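If you read the sequence shown in our numbering, its first letter stands for residue 30, the second for the next number, and so on.
Ideal Cβ placement from N, Cα and C applies to all residues, glycine included.
As the structure is a computational prediction, the values presented were derived from the model and not from experiment.
First the structure, in the form of structure tokens, and then the observations on it.
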Amino acid sequence: MKKIVVIGATGTLGQAVVTALKARHQVIEVGATRGQYRADITDVASVEKLFGEIGNVDGVVTTTGKLHFGPLTEMTADQFWVGLRDKLMGQINVVLAAQRFVNDGGSFTLTSGIVGDEPIRDGANATTVNLALEGFVRGAAIELPRGIRINLVSPTVLEESMESYGPYFRGFEPVSAAKSAMAFVRSVEGAQTGRVYRVGY
Ligand SMILES: NC(=O)c1ccc[n+]([C@@H]2O[C@H](COP(=O)([O-])OP(=O)(O)OC[C@H]3O[C@@H](n4cnc5c(N)ncnc54)[C@H](OP(=O)(O)O)[C@@H]3O)[C@@H](O)[C@H]2O)c1
Numbered sequence: 030m031k032k033i034v035v036i037g038a039t040g041t042l043g044q045a046v047v048t049a050l051k052a053r054h055q056v057i058e059v060g061a062t063r064g065q066y067r068a069d070i071t072d073v074a075s076v077e078k079l080f081g082e083i084g085n086v087d088g089v090v091t092t093t094g095k096l097h098f099g100p101l102t103e104m105t106a107d108q109f110w111v112g113l114r115d116k117l118m119g120q121i122n123v124v125l126a127a128q129r130f131v132n133d134g135g136s137f138t139l140t141s142g143i144v145g146d147e148p149i150r151d152g153a154n155a156t157t158v159n160l161a162l163e164g165f166v167r168g169a170a171i172e173l174p175r176g177i178r179i180n181l182v183s184p185t186v187l188e189e190s191m192e193s194y195g196p197y198f199r200g201f202e203p204v205s206a207a208k209s210a211m212a213f214v215r216s217v218e219g220a221q222t223g224r225v226y227r228v229g230y
């Protein structure tokens, strides 16, 4: 049994990841406004405080990250910073701050998304951020010490999110959050590192 912290545990994807991991592991559930523990991944001090409270873990999973969706022709730099600050630097903040709290042979699993590979209308911020996360995982995988691994899960649009995201994803076949969660389990329990697990496409 491993001790795994899931940041974003209260979300659509996070809840399914928690359910899948709980079958065999101790799972610490972290949300921004709900959940067993609270943290703000955009704030390094908040991430450090979280790990000060929960102590060492075998795995860190992040299923969170805001993006800005909107037409490029009207996009402001401030709007573009939303994805950079939240989904990109937020998840990177977690790795930078948490690495010393991860046990030997432990793992990080971050979340990107299909828009990195398949651009959609209004999605320039999402495509940029998701591919930057791939770059981070590729770079970090060769440097993390003590056998610590890092992988990225890139799901297509979730069935559970089609009501709100459907108009952006016409012609995309959605995948369930539960099926997406399997890729997180593969990352946590497997041996691979530096990988991108694409789910549903
Ligand atoms: N939904 C999809 O179709 C889909 C498809 C592919 C990829 N993704 C990616 O998967 C990730 C999760 O998406 P989702 O739809 O599950 O989102 P969601 O339902 O909105 O859940 C977001 C989760 O993150 C937490 N959170 C929000 N801001 C945070 C912060 N600053 N610090 C720490 N935790 C924070 C929320 O906590 P509270 O509940 O307390 O607010 C919640 O647990 C995102 O990166 C998204 O781009 C989603």
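(message) If you reduce the DSSP assignment to three classes, tell me which class N132 lands in.
(response) strand
(message) What does the Cβ neighbour count give for E202, buried or exposed, with the cut at 16 atoms within 10 Å?
(response) exposed
(request) Give the range of the beta strand (DSSP E) segment to which T91 is assigned. (result) V86 to T91
(message) Is it buried or exposed, N85, if we count other Cβ atoms within 10 angstroms and call 16 or more buried?
(response) exposed
(message) So, under 8 Å CB-CB, L181 and L162 are touching, yes? Tell me the CB distance rounded to an integer number of Å.
(response) 6 Å
(request) Check S75 in the structure and name its three-state DSSP category. (result) helix
(message) Considering only their Cβ atoms, is the gap separating V34 from V124 smaller than 9 Å?
(response) no
(request) With DSSP collapsed to three states, give me the class of R167. (result) helix
(request) Assuming T93 contacts I179 (C-beta within less than 8 Å), just tell me the rounded distance between them. (result) T93 to I179, Cβ: 16 Å. No contact.
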